[in-house]
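Colleague:
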Amino acid sequence: MSMGTLTMLAESVHGVLIGADRPFEAVSTDTRSLSEGDLFFALRGERFDASQFIDEAARRGAAGAVVEHRQSSELPQVEVTDSRRALGDFARSWRAGFQLPVIGVTGSNGKTTVKELIAAILRADTSRPEDVLATTG
Numbered sequence: 082m083s084m085g086t087l088t089m090l091a092e093s094v095h096g097v098l099i100g101a102d103r104p105f106e107a108v109s110t111d112t113r114s115l116s117e118g119d120l121f122f123a124l125r126g127e128r129f130d131a132s133q134f135i136d137e138a139a140r141r142g143a144a145g146a147v148v149e150h151r152q153s154s155e156l157p158q159v160e161v162t163d164s165r166r167a168l169g170d171f172a173r174s175w176r177a178g179f180q181l182p183v184i185g186v187t188g189s190n191g192k193t194t195v196k197e198l199i200a201a202i203l204r205a206d207t208s209r210p211e212d213v214l215a216t217t218g
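Counting with our numbering, you get residues 82 to 218 for the letters of the sequence shown.
1) Using a Cβ-Cβ cutoff of less than 8 Å, which residues in the same chain neighbour Ser83 once the five nearest sequence positions on both sides are dropped?
2) Pick helix, strand or coil for Phe129, following the three-state DSSP scheme.
3) With H, G and I counted as helix, E and B as strand and the rest as coil, what does DSSP make of Ile184?
4) With contact counted as at least three CB pairs below 8 Å, one residue from each stretch, are the segment 172-180 and the segment 109-119 in contact?
5) Work out the CA separation of Ala123 and Leu181 for me, nearest whole Å.
6) With respect to the beta strand (DSSP E) encompassing Glu160, which residues constitute its N-terminal and C-terminal limits?
7) Contact defined as beta carbons within less than 8 Å: I believe Val94 pairs with Ala172. What is the distance between those atoms, to the nearest angstrom?
8) Is the beta carbon of Val96 sitting closer than 7 Å to the one on Glu160?
9) Is the CB-CB distance between Gln158 and Ala139 below 7 Å?
10) For Gly118 and Asp212, I'd like the C-alpha separation in whole angstroms.
11) At what residues does the beta strand (DSSP E) containing Leu124 begin and finish?
12) Which first and last residues belong to the beta strand (DSSP E) in which Leu98 is found?
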């Protein structure tokens with residue numbers, strides 16, 4: 082299932098598409114776990130700039146990359162001011178497309194137990210228990 086296109090992404094993160102529009106299947110911030118058809122977000126930190134891995138993303142079959150500065154690569158790119166903020170903006174717009182209730186559990190102790198109890202209760206209360214999403218562990 083496609084998550085969208087690079088044009089749609091560029092609009093949602095106020096970026097500029099450089100290159101061909103392509104659909105993408107998933108999002109990755111790490112080229113080591115990137116699959117063919119994924120969109121690579123090249124995050125930048127104090128000691129690293131993942132845009133140096135854009136050629137590796139292309140070799141692994143990425144649909145495109147989100148970068149802060151245009152790279153010399155044939156891979157389509159969405160140029161943004163801040164790649165970390167763009168990832169959050171995209172996640173927010175993606176999540177807004179679903180009508181899913183969210184239950185958050187916080188605290189110092191017992192979160193995993195409470196999460197498992199809530200998931201068990203919700204699964205028992207529905208005809209489609211596979212629709213209950215809960216993190217593993």
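Note that CB positions come from ideal geometry on N, CA and C, so glycine has one too.
Modeller: Taking the definition as stated:
1) Pro104, Phe105 and Glu106
2) coil
3) coil
4) no
5) 29 Å
6) Gln158 to Glu160
7) Contact flag wrong, Cβ pair sits at about 10 Å.
8) Per the sequence shown, residue 96 should be read as Gly rather than Val. In this structure, Glu160 lies closer than 7 Å to Gly96 by Cβ.
9) no
10) 25 Å
11) Element bounds for Leu124: n/a, residue is neither H nor E.
12) Val97 to Ile99
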